[in-house]
Amino acid sequence: MDQNLQLYLLILFVAVVVISQTLLISVTGTRASRSRLLKKQLDAIAETGKNNQQSLLRKNYLDQLSPTERWLENNAFGEVLGERLSLAGLNWKAYQVALWFFAGTVFAMTGVYLLTLSPKIMLAVPFVLLLAMVMYLRLKMEKRLQLFEEQFVEALDVMKRALLVGYPFTDVMKTVSEEMPQPIAGEFGKVFIELNFGVDLKVALANLAHRNPSISVLAFNSAVIIQKETGGNLAETLEKLSDVIRGRFRLMRKVRTLSAEGRMSAWVLMMVPFVLFLLLYLSNPGYINPLLESERGHSVLTGTGVAMFLGLLWIRKILRIEV
């Protein structure tokens, strides 16, 4: 009975986590498909010499570490995790996060086993902690990217004014890094540093878009590259681009408002069965016992859980509208 209740609570936790992702991640569409599209286009833009130039910031970061830290950080896992932490706006070292996670997992597994004496629940602890960590990083990345896009419109105005004054493009990047708040100041500061290191403009802008996968950044990159190759009034182009992005934000807010009822319906549809089950179990446990103790009841619970999960994914897909 207790193990079945614990299994039910675990399913409840997973359902709440997935529902929270439905609501917390922008309703205007997933970043994954956009990121793949951006990556293909940016790889085509910055194909020449990209592998040698885009690692300069990474090498500079590794040079500032001690030999032991450099040995722990300089590997494929450290590079991927470090990139995720940077995208989330967290100034943590990758190897430190890995060590903290390992120590926390061992401590949590020991505590759970002492409390429950159940090896199955103990073995589930690392997966739960890993899921929680991934969701936390994903939420931080989403919030940071949303803030970046909100600041990007103001940054375009700052760049337009600097170009009208007569600043060269490199100094325009420096101006944005000095006058704008984080995170956009840090991102354009990285572009400024890369340009001073001798990185090609196409590669520096492609790196900016890889760190911040956004349609707005891709449009900005295209405008700058076309202007450098063919000429034209970049300040006027940035002003028009700023107007287009502001219009897109207005449409995104309207879509989010119109889809609020659907998101609330998803909460109600997914949480009502769990709440009713818990109320029945607390008020009349004998009424629920056949469902928890019989083999047929276990089959019903499994089938119901799978059907609810598939229904949640379908609702999530319906609610996420590309803008």
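Take the sequence shown: its letters are residues 4 to 326, numbered as in our numbering.
No residue lacks a Cβ here, since even glycine has one placed at the ideal position from N, Cα and C.
Predicted model, so just to flag it, every value in this text is computed and none were measured.
With 16 other CB atoms within 10 Å as the buried threshold, where does residue i fall?
i, result
"Lys205", "buried"
"Ile229", "exposed"
"Lys320", "exposed"
"Leu254", "exposed"
"Glu232", "exposed"
"Gly306", "exposed"
"Tyr139", "exposed"
"Glu153", "exposed"
"Arg162", "First, the residue type needs correcting, since residue 162 is Met and not Arg in the sequence shown. That one is buried."
"Asn54", "With a pLDDT of 47 at Asn54, under the threshold of 50, the predicted position of this residue should be treated as unreliable, though the coordinate-derived value follows. So Asn54 counts as exposed."
"Gln56", "Confidence is the limiting factor: at Gln56 the pLDDT is only 46, short of 50, which leaves the residue's position unreliable, though a coordinate-based value still follows. Gln56 is buried by the Cβ-count criterion."
"Phe195", "buried"
"Ala97", "buried"
"Val247", "exposed"
"Leu27", "Its pLDDT being 48, under 50, Leu27 is placed unreliably in this model, and the coordinates cannot settle the point."
"Glu197", "buried"
"Asn210", "buried"
To the nearest whole angstrom, what separates the beta carbons of residue i and residue j, a pair I think is in contact under 8 angstroms?
i, j, result
"Phe277", "Asn215", "About 37 angstroms; that fails the 8 angstroms criterion."
"Asn224", "Ala212", "6 angstroms"
"Val227", "Leu208", "6 angstroms"
"Met144", "Leu84", "The Cβ separation is near 13 angstroms, so there is no contact."
"Tyr322", "Arg266", "Per the sequence presented here, residue 322 reads as Leu, with Tyr not at that position. With 8 angstroms as the limit, Leu322 and Arg266 qualify as a contact, their Cβ atoms being about 6 angstroms apart."
"Ser219", "Leu148", "With a Cβ gap of about 10 angstroms, Ser219 and Leu148 do not count as contacting."
"Leu294", "Leu304", "7 angstroms"
Reducing DSSP to helix, strand and coil, say where residue i ends up.
i, result
"Ala79", "helix"
"Val168", "helix"
"Lys96", "coil"
"Phe104", "helix"
"Leu120", "coil"
"Gly85", "helix"
"Met4", "Any reading at Met4 must be qualified, since the residue scores a pLDDT of 48, below 50, and its modelled position is unreliable; the value itself is stated next. In this structure, Met4 counts as coil in the three-state DSSP scheme."
"Asn210", "helix"
"Met311", "helix"
"Asp203", "coil"
"Gln149", "helix"
"Gln154", "helix"
"Met125", "helix"
"Ser286", "helix"
"Met267", "helix"
"Ser245", "helix"
"Asn215", "coil"
"Arg323", "coil"
"Asn236", "coil"
"Ser225", "helix"
"Thr31", "Interpretation of Thr31 is limited by its pLDDT of 44, a score under 50 that renders its predicted location unreliable; the figure taken from the coordinates is listed afterwards. In this structure, Thr31 counts as coil in the three-state DSSP scheme."
"Met183", "coil"
Output the distance between the C-alpha atoms of residue i and residue j, rounded to the nearest integer angstrom.
i, j, result
"Phe191", "Thr108", "37 angstroms"
"Ala310", "Met136", "26 angstroms"
"Arg164", "Ala188", "17 angstroms"
"Phe155", "Asn236", "20 angstroms"
"Thr119", "Lys177", "57 angstroms"
"Leu279", "Trp317", "23 angstroms"
"Leu167", "Ala238", "7 angstroms"
"Gly172", "Ile124", "Contrary to the premise, residue 172 reads as Phe rather than Gly in this sequence. Roughly 57 angstroms separates the two Cα atoms."
"Val175", "Ala79", "34 angstroms"
"Glu82", "Gly92", "15 angstroms"
"Thr240", "Arg249", "14 angstroms"
"Glu157", "Leu134", "35 angstroms"
"Asn77", "Gln99", "13 angstroms"
"Val275", "Ser268", "11 angstroms"
"Thr260", "Ile291", "40 angstroms"
"Ser180", "Met273", "45 angstroms"
"Glu50", "Met112", "With a pLDDT of 49 at Glu50, under the threshold of 50, the modelled position of this residue cannot be trusted, and the question is left open."
"Asp160", "Trp270", "40 angstroms"
"Leu282", "Arg87", "41 angstroms"
"Trp95", "Gly314", "37 angstroms"
"Leu221", "Val202", "18 angstroms"
"Ser302", "Arg256", "43 angstroms"
"Ser262", "Gly308", "25 angstroms"
"Val258", "Gly289", "47 angstroms"
"Leu117", "Pro129", "16 angstroms"
"Val1", "Ser121", "A query on residue 1 cannot be resolved here, the shown segment of the chain reaching from 4 to 326 and no further."
Is any beta-carbon of chain C found at less than 8 angstroms from that of residue i?
i, result
"Leu167", "Considering every chain present, this structure includes no chain C. It has just one protein chain."
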